[in-house]
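*Asks:* There's a structure below that I have some questions on.
Number of protein chains: 2
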Amino acid sequence: MTETVTAAMIVIGDEILSGRTKDRNIGHLAEMMTAVGIDLKEVRIVADDEDAIVEAVNALRERYTYVFTTGGIGPTHDDITADSVSKALGVPCEHDEKAMALLAEHYARRGMEFTEARQRMARMPRGAEHIDNRISIAPGFHIGNVYVMAGVPAIFQAMLDAVVPTLKTGQKLLSVAITCPYGEGVIGGPLAEIQKAHPDTIIGSYPKYRDGSFWTELVVRSRSQEALDAGRVAVEAMLKDLAHAT
Amino acid sequence: MTETVTAAMIVIGDEILSGRTKDRNIGHLAEMMTAVGIDLKEVRIVADDEDAIVEAVNALRERYTYVFTTGGIGPTHDDITADSVSKALGVPCEHDEKAMALLAEHYARRGMEFTEARQRMARMPRGAEHIDNRISIAPGFHIGNVYVMAGVPAIFQAMLDAVVPTLKTGQKLLSVAITCPYGEGVIGGPLAEIQKAHPDTIIGSYPKYRDGSFWTELVVRSRSQEALDAGRVAVEAMLKDLAHAT
Chain A
1 MTETVTAAMI
11 VIGDEILSGR
21 TKDRNIGHLA
31 EMMTAVGIDL
41 KEVRIVADDE
51 DAIVEAVNAL
61 RERYTYVFTT
71 GGIGPTHDDI
81 TADSVSKALG
91 VPCEHDEKAM
101 ALLAEHYARR
111 GMEFTEARQR
121 MARMPRGAEH
131 IDNRISIAPG
141 FHIGNVYVMA
151 GVPAIFQAML
161 DAVVPTLKTG
171 QKLLSVAITC
181 PYGEGVIGGP
191 LAEIQKAHPD
201 TIIGSYPKYR
211 DGSFWTELVV
221 RSRSQEALDA
231 GRVAVEAMLK
241 DLAHAT
Chain B
1 MTETVTAAMI
11 VIGDEILSGR
21 TKDRNIGHLA
31 EMMTAVGIDL
41 KEVRIVADDE
51 DAIVEAVNAL
61 RERYTYVFTT
71 GGIGPTHDDI
81 TADSVSKALG
91 VPCEHDEKAM
101 ALLAEHYARR
111 GMEFTEARQR
121 MARMPRGAEH
131 IDNRISIAPG
141 FHIGNVYVMA
151 GVPAIFQAML
161 DAVVPTLKTG
171 QKLLSVAITC
181 PYGEGVIGGP
191 LAEIQKAHPD
201 TIIGSYPKYR
211 DGSFWTELVV
221 RSRSQEALDA
231 GRVAVEAMLK
241 DLAHAT
């Protein structure tokens with residue numbers, strides 16, 4: 001039996017909590033994790049606040065295989081993720097030599113000043129390793145099981161592309177979606193019976209509402225193809241029975 | 001000085017964590033809270049798992065003025081929010097009489113059977129009060145400072161419309177956004193100085209990336225109009241200085 005690999009995500013940023021910026025990273029990470037067989041178990045969105053970040057990092061890194069953070073690694077005063085992660089891990093936060101060299105060269109090549117603000121982007125917990133950033137050079141980093149990435153979606157996605165091939169992945173969760181023309185009130189009873197009879201599946205029911213009427217998306221999930229097929233057949237039989245009855 | 005009113009949100013649902021469904025409720029709640037002067041401090045997305053829901057409800061209801069949940073109150077076996085919230089609060093979860101009557105009448109009027117599955121939607125923690133649902137009748141509920149609402153966005157929004165006028169609200173956080181043509185590396189230093197000189201404001205810097213170049217949205221926030229104006233003037237002066245320098 002393959003190990004279950006789990007993950008949590010911490011989205012850092014006042015701008016998400018104020019509604020000013022709509023997060024686009026949660027859905028992307030969720031899809032990537034599902035694709036490679038890692039169970040995303042929890043997401044927390046916290047403010048640009050050291051105590052809040054430290055608490056979330058420490059709660060989640062103990063509990064899950066991987067913790068991914070987004071946001072707060074830029075050059076401004078409200079970018080406090082590197083300091084907060086260092087504090088959570090009990091290591092000093094310092095200018096990383098390799099990152100300083102990388103950024104110094106990058107700005108020199110473009111004839112731009114390597115300001116103190118820009119130097120902030122080279123700060124990392126001592127012992128951290130870089131996560132490549134092919135978009136804007138300034139690297140993310142990981143230390144232990146904590147992966148610290150940018151909040152700007154294009155950069156986050158590039159960093160995640162660099163990270164995913166290095167992760168141990170679990171047995172992929174297979175799934176099949178079945179469109180159901182009935183609302184949950186109709187299928188709730190029989191579907192609960194099917195779930196009971198198929199313990200190796202996780203059957204989800206997602207109500208959809210459009211133009212005054214309900215329909216449902218049913219999703220059967222399993223790590224076994226055989227169990228998945230058996231669950232799907234049972235759900236389809238239920239829908240046929242309901243079609244005859246109505 | 002007006003009291004600071006705070007809130008947290010718990011989004012309940014495997015379908016969000018798998019990436020199958022993209023959440024649309026966080027941004028809406030965040031905007032509504034900002035509009036009425038309530039500080040949304042934290043959001044957690046958790047699985048359809050009793051322990052996870054209980055832990056999140058208990059952690060957050062102690063800490064914030066209000067806790068809002070979305071998802072998991074439909075009629076199917078994976079809808080376990082009412083049970084989990086009851087467990088968190090240490091009260092029995094039972095069929096609420098008023099909700100049973102409401103739903104019985106609703107289905108009778110439409111000539112539909114009031115199935116056992118549909119009756120699940122009337123289950124609430126003992127002592128809970130209804131949150132009206134003008135879309136699909138089945139009510140949400142609140143008990144203490146915990147507000148339990150639907151996950152389907154149209155229904156969530158209708159329920160939130162019913163809830164917001166009943167909340168105590170804080171002094172509204174005023175804000176002004178200033179478009180800045182420079183990246184954070186340019187403004188990081190002077191902006192940190194402005195933040196230091198204007199302690200009654202919260203100045204946020206949000207990097208934007210498009211077509212290979214960076215710009216920044218700067219947001220000055222304050223509960224005082226005077227402090228806000230002073231912060232805005234300082235930021236605009238910084239931008240003018242930079243324009244002269246380049």
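These protein sequences, in sequence, are chains A and B. One point on numbering: in full-length UniProt numbering, the residue at position 107 of the first sequence is 107, and numbering is uninterrupted. One point on numbering: in full-length UniProt numbering, the residue at position 55 of the second sequence is 55, and numbering is uninterrupted. Quick reminder that beta carbons are idealized off the backbone N, C-alpha and C, glycines included. It should be emphasised that the depicted structure is a prediction, and the values quoted were computed from it without experimental measurement.
#1: With distances taken from CA atoms, which of A:Thr201, A:Val5, A:Asp23 is nearest isoleucine 206 of chain B?
#2: Is DSSP giving proline 139 of chain B helix, strand or coil here?
#3: Where does valine 186 of chain A land, buried or exposed, given buried means 16+ other C-beta within 10 angstroms?
#4: What residue range does the alpha helix (DSSP H) around methionine 33 of chain A cover?
#5: For alanine 177 of chain B, which beta-bridge partners are listed by DSSP?
#6: Let me check understanding here. Comparing Cα to Cα, which of A:Met100, A:Val36, A:Gly90, A:Leu89 lies closest to proline 139 of chain A?
#7: Assuming contact is defined by CB atoms lying nearer than 8 Å, are isoleucine 12 of chain B and glycine 72 of chain B in contact in what I supplied?
#8: Please list, in chain order, all residues of the same chain as isoleucine 149 of chain A whose beta carbon is under 6 Å from its beta carbon, the five residues on each side excluded.
#9: Could you check the C-alpha separation between threonine 81 of chain B and phenylalanine 68 of chain B for me, to the nearest Å?
#10: For tyrosine 147 of chain A, write down the residues that DSSP places opposite it in a beta bridge.
#11: Looking at C-alpha atoms only, which residue of A:Glu217, A:Glu129, A:Ser175 is the closest neighbour of glutamate 94 of chain A?
#12: Identify every run of the beta strand (DSSP E) within the region 82–112 of chain B, keeping only runs that are complete inside it and at least 3 residues long; order them along the chain.
#13: Between alanine 56 of chain B and valine 146 of chain A, what straight-line distance do the alpha-carbon atoms span, to the nearest angstrom?
#14: Could you compute how far the alpha carbon of leucine 218 of chain B sits from the alpha carbon of threonine 179 of chain B?
#15: Count the C-beta pairs between the region 37–53 of chain B and the region 113–124 of chain B that are closer than 8 Å, then say yes if the count reaches three, no if not.
#16: On a CA-only basis, which of B:Glu50, B:Leu89, B:Val176, B:Asp79 is nearest glutamate 62 of chain B? Give me that one, please.
#17: Since glutamate 15 of chain A meets chain B, which of its residues come closer than 8 Å, beta carbon to beta carbon?
#18: Mapping DSSP to helix, strand and coil, what is isoleucine 202 of chain B?
#19: For the alpha helix (DSSP H) that histidine 244 of chain B lies in, which residues bound it at each end?
#20: Using a C-beta cutoff of 8 Å, does residue 247 of chain A count as contacting chain B?
#21: Pull up the distance between the alpha-carbon of leucine 60 of chain A and that of alanine 8 of chain A, whole angstroms please.
#22: I need the straight-line Cα distance from isoleucine 143 of chain A to glycine 127 of chain A, nearest angstrom please.
#23: If the cut is a Cβ gap below 7 Å, which residues of chain B does threonine 21 of chain A touch?
#24: Shortest alpha-carbon distance to residue 320 of chain B belongs to which of B:Ala230, B:Asp83, B:Phe214, B:Ala154?
#25: Look up valine 152 of chain B in the DSSP assignment and say whether it is helix, strand or coil.
#26: Since valine 85 of chain A and arginine 44 of chain B are thought to touch, with beta carbons under 8 Å apart, how far apart are those beta carbons, to the nearest angstrom?
#27: Taking a cut of 9 Å between CB atoms, which residues from the region 67–79 of chain A lie near chain B?
#28: Measure the alpha-carbon distance for alanine 30 of chain B versus leucine 17 of chain A and round it to whole angstroms.
#29: Using a Cβ cut-off of 8 Å, pull out every chain A residue sitting near isoleucine 131 of chain B, in sequence order please.
#30: Indicate the three-state DSSP secondary structure (helix, strand or coil) for aspartate 39 of chain B in the structure shown.
#31: Quick check: the Cα distance between arginine 120 of chain A and proline 165 of chain A, rounded to an integer number of angstroms?
#32: In chain A, what lies closer than 9 Å to tyrosine 147 of chain B by C-beta?
#33: Mapping the DSSP letters down to three states, classify alanine 8 of chain B as helix, strand or coil.
#34: Please classify valine 152 of chain A: is it buried, with 16 or more other beta-carbons within 10 angstroms of its beta-carbon, or exposed?
#35: Do you know offhand how far alanine 243 of chain B's Cα is from alanine 154 of chain A's?
#36: Do glutamate 193 of chain B and glycine 204 of chain A come within 8 Å of each other at the CB atom, strictly closer than that value?
*Replies:* According to the data block:
#1: In the second sequence, residue 206 of chain B corresponds to position 206, counting from 1. The amino acid at residue 206 of chain B is misidentified as isoleucine; the sequence shows tyrosine. Per the Cα distances, A:Asp23.
#2: For this step, residue 139 of chain B is matched to residue 139 along the second sequence. Looking at proline 139 of chain B - three-state DSSP - the assignment turns out to be coil, as it is neither helix nor strand.
#3: Counting from one through the first sequence, the residue named residue 186 of chain A turns up at place 186. Buried, because 16 or more other Cβ atoms sit within 10 Å of the Cβ of valine 186 of chain A.
#4: Here residue 33 of chain A refers to the residue found at position 33 of the first sequence. That run of the alpha helix (DSSP H) goes 25–36.
#5: Looking up residue 177 of chain B in the second sequence gives position 177. According to DSSP, which records beta bridges pairwise, alanine 177 of chain B is partnered with B:Val219.
#6: One-based indexing of the first sequence puts residue 139 of chain A at position 139. For the residues A:Met100, A:Val36, A:Gly90, A:Leu89, the minimum Cα distance to proline 139 of chain A belongs to A:Met100.
#7: In the second sequence, residue 12 of chain B corresponds to position 12, counting from 1. In the second sequence, residue 72 of chain B corresponds to position 72, counting from 1. Taking 8 Å as the Cβ cut-off, isoleucine 12 of chain B and glycine 72 of chain B qualify as a contacting pair.
#8: As a position in the first sequence, residue 149 of chain A is number 149, starting the count at 1. Here residue 149 of chain A turns out to be methionine, not isoleucine, going by the sequence shown. Thr70, Gly140, Phe156, Met159.
#9: In the second sequence, residue 81 of chain B corresponds to position 81, counting from 1. In the second sequence, residue 68 of chain B corresponds to position 68, counting from 1. In a straight line, the C-alpha of threonine 81 of chain B is about 12 Å away from that of phenylalanine 68 of chain B.
#10: The count along the first sequence starts at 1 and reaches residue 147 of chain A at position 147. Bridge partners of tyrosine 147 of chain A: A:Phe68, A:His142.
#11: For this step, residue 94 of chain A is matched to residue 94 along the first sequence. Nearest of A:Glu217, A:Glu129, A:Ser175 to glutamate 94 of chain A, Cα basis: A:Glu129.
#12: 93–95
#13: What you label residue 56 of chain B is simply residue 56 of the second sequence in a count that begins at 1. What you label residue 146 of chain A is simply residue 146 of the first sequence in a count that begins at 1. In a straight line, the C-alpha of alanine 56 of chain B is about 21 Å away from that of valine 146 of chain A.
#14: Position 218 of the second sequence, counted from the start, is the residue given in the question as residue 218 of chain B. Position 179 of the second sequence, counted from the start, is the residue given in the question as residue 179 of chain B. Each residue's alpha carbon lies about 6 Å from the other.
#15: no
#16: Start at 1 with the first residue of the second sequence, and residue 62 of chain B comes out as number 62. Scanning B:Glu50, B:Leu89, B:Val176, B:Asp79 for the CA closest to the CA of glutamate 62 of chain B turns up B:Leu89.
#17: On the first sequence, position 15 is the one that residue 15 of chain A refers to. Correct list: Gly204, Tyr206, Val219.
#18: Within the second sequence, residue 202 of chain B is the residue found at index 202, counting from 1. Strand, per DSSP.
#19: For the purposes of this step, residue 244 of chain B is identified with residue 244 of the second sequence, where counting begins at 1. Where histidine 244 of chain B is concerned, the enclosing alpha helix (DSSP H) stretches over 225–245.
#20: Since the displayed chain A opens at 1 and closes at 246, residue 247 of chain A lies outside it and no answer follows.
#21: Counted from its first residue, the first sequence places residue 60 of chain A at position 60. Counted from its first residue, the first sequence places residue 8 of chain A at position 8. Using only the alpha carbons, I get a separation of about 7 Å.
#22: On the first sequence, residue 143 of chain A is found 143 positions in, with the first residue counted as 1. On the first sequence, residue 127 of chain A is found 127 positions in, with the first residue counted as 1. For isoleucine 143 of chain A and glycine 127 of chain A, the distance between alpha carbons rounds to 7 Å.
#23: Working through the first sequence from its first residue, we reach residue 21 of chain A at position 21. The answer, in chain order, is Tyr206.
#24: Shown here, chain B extends from 1 to 246; a query on residue 320 of chain B therefore has no answer.
#25: Sequence index remark: in the second sequence, residue 152 of chain B carries index 152 (1-based). Residue state, collapsed to three classes: coil.
#26: Position 85 of the first sequence, counted from the start, is the residue given in the question as residue 85 of chain A. Position 44 of the second sequence, counted from the start, is the residue given in the question as residue 44 of chain B. Wrong, their Cβ atoms sit about 19 Å apart, outside the cutoff.
#27: Against chain B - using a Cβ distance shorter than 9 Å - the residues of the region 67–79 of chain A are Gly74, Pro75, Thr76, His77, Asp78, Asp79.
#28: Mapped onto the second sequence, residue 30 of chain B falls at position 30. Mapped onto the first sequence, residue 17 of chain A falls at position 17. Roughly 6 Å between the two C-alpha positions.
#29: Here residue 131 of chain B is taken as the residue at index 131 of the second sequence, counted from 1. Within 8 Å Cβ-Cβ: nothing; isoleucine 131 of chain B doesn't reach chain A, min ~17 Å.
#30: What you label residue 39 of chain B is simply residue 39 of the second sequence in a count that begins at 1. Here aspartate 39 of chain B sits in strand by DSSP.
#31: Start at 1 with the first residue of the first sequence, and residue 120 of chain A comes out as number 120. Start at 1 with the first residue of the first sequence, and residue 165 of chain A comes out as number 165. Rounded to the nearest angstrom, the two C-alpha atoms are 28 Å apart.
#32: Position 147 of the second sequence holds residue 147 of chain B. In chain order: nothing, as chain A lies at least about 17 Å away.
#33: Here residue 8 of chain B is taken as the residue at index 8 of the second sequence, counted from 1. Residue state, collapsed to three classes: strand.
#34: Taking the first sequence and counting its residues from 1, the one referred to as residue 152 of chain A is at position 152. That one is buried.
#35: Within the second sequence, the letter at position 243 stands for residue 243 of chain B. Within the first sequence, the letter at position 154 stands for residue 154 of chain A. If you take the alpha carbons of alanine 243 of chain B and alanine 154 of chain A, they lie about 28 Å apart.
#36: Taking the first residue of the first sequence as position 1, residue 204 of chain A is located at position 204. Taking the first residue of the second sequence as position 1, residue 193 of chain B is located at position 193. Against a cut-off of 8 Å, the Cβ pair of glutamate 193 of chain B and glycine 204 of chain A comes out as no contact.
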